[in-house]
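For reference, the structure discussed in these notes is given below.
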Amino acid sequence: MTVYIRFCFFLFLLPPTSLLWAQEASYVPRHENPQGDELVVVYISASNCESCLRDDFKTALETMKRLLAEQASNAGLGFVAQGVALDWDVDAGYQFLKAFGAFDEIVVGRNWFNIAANEYIWESGDTIPLIPQVLVFLRETSLAPERVSFGPRRIIGRYLGDTTIVAWVQRGAPVDLATR
Numbered sequence: 000m001t002v003y004i005r006f007c008f009f010l011f012l013l014p015p016t017s018l019l020w021a022q023e024a025s026y027v028p029r030h031e032n033p034q035g036d037e038l039v040v041v042y043i044s045a046s047n048c049e050s051c052l053r054d055d056f057k058t059a060l061e062t063m064k065r066l067l068a069e070q071a072s073n074a075g076l077g078f079v080a081q082g083v084a085l086d087w088d089v090d091a092g093y094q095f096l097k098a099f100g101a102f103d104e105i106v107v108g109r110n111w112f113n114i115a116a117n118e119y120i121w122e123s124g125d126t127i128p129l130i131p132q133v134l135v136f137l138r139e140t141s142l143a144p145e146r147v148s149f150g151p152r153r154i155i156g157r158y159l160g161d162t163t164i165v166a167w168v169q170r171g172a173p174v175d176l177a178t179r
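What follows is the structure in C-alpha cells.
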C-alpha cells in the first residue's frame, strides 16, 4: 500500500502529458511588439467551406502555424498568424476561425468585401478568389515614437485549395526566407 501511495504521489508531481502535448501541438501568439522583418501567414476561408471542417485539414492548419513560427524564429524573424473569415455574419466567422486554434489577429465579416479580401486577394490582381487559401509573405515592421509602419509585402507563397494546403504542410510548409 505504501508503494502504491508513493507511486500515486509521484504521478501527481509530474506535469500532465496531455498538457505537454497540447503545448507542442498548438500555436501560441507571443504578444510582443514587432520590430524588423516578419513572416506572416494568412488563412482565408469561410464557414461554408465544408472541406475546411475536416479534422485532417484543421490539424494541418495548426501544424502549419507551428512550422512557420519555428522557421521564422530560426531565421531571426517575427511571426504573425492571421485568420480571415469571409462570412457576412461576424459571429459565424469568428466561431469558424476558433476551430483552427489561436491566431495573432483575425478579420471577419463583409464576405468578399472585407479589408483582408481587399488587401490579400483583390489588390494583388494575380490570384483566384478561391477558399480556402493560405498566403505567406514577408514584411518589415518598424516602431518609432508615436508611429508604426509596415514595409511592402513580399509574397513568398500562395496555396489554393484544401488538398494543396495539406500537401504543402505535409512537406513541412517550406518557405524561401532567403529573399529577405
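Note that numbering that gives the first Met the number 0 has the sequence shown beginning at 0, numbered continuously upward. All residues carry an ideal CB built from backbone N, CA and C; glycine is no exception. If you're wondering where the values come from, they're calculated on a predicted model, not measured in any experiment.
Tell me the DSSP secondary structure of V34 in three-state form. Sequence check: residue 34 is Gln here, not Val. Secondary structure of Q34 (DSSP, three-state): coil.
What are the boundary residues of the beta strand (DSSP E) that G77 is part of? 77–84
Whose CA, out of L67, V107, L129, lies closest to the CA of F136? Closest option to F136, judged by alpha-carbon separation, among L67, V107, L129: L67.
Could you tell me which whole alpha helix (DSSP H) segments of length 4 or greater appear in the segment 95–143? none
Grouping DSSP H, G and I as helix and E and B as strand, with all else coil, what is Y26? coil
Take the Cβ of R170 as the centre, count every other Cβ of all protein chains shown within 10 Å, and call the residue buried at 16 or more, exposed below. exposed
Which of the three DSSP states, helix, strand or coil, is assigned to S148? Residue state for S148 is assigned as strand, using DSSP reduced to three classes.
Run the CB neighbour count on R53, radius 10 Å, all protein chains shown included, and call it buried at 16 or more, exposed below. Exposed, by the Cβ-count rule.
Contact between the segment 140–148 and the segment 84–96: three or more CB pairs below 8 Å? no
Proximity of D103 and P28 at Cβ, strictly below 8 Å: yes
For T16, which residues from the same chain have a beta carbon less than 6 Å from its beta carbon, with the 5 sequence-adjacent residues on both sides left out? Unreliable placement is indicated for T16, whose pLDDT of 35 sits below 50; no coordinate value is reported for it.
Would Q132 and L96 be called neighbours here (beta carbons separated by less than 8 Å)? no
Counting C-beta neighbours from all protein chains within 10 Å, is the total for P173 16 or more, i.e. buried, or is it exposed? exposed
Please classify S72 as buried or exposed, where buried requires at least 16 neighbouring CB atoms within 10 angstroms. So S72 counts as exposed.
Across which residues does DSSP place Y158 in a beta bridge pair? DSSP lists V133 as partners of Y158.
Cα separation between I127 and Y26? Rounded to whole angstroms, the gap between the alpha carbons of I127 and Y26 is 28 Å.
Note down, in chain order, each residue of its chain lying with its Cβ closer than 8 Å to the Cβ of V165, except the 5 sequence neighbours on either side. D55, F56, A59
Cα separation between I130 and L142? 33 Å
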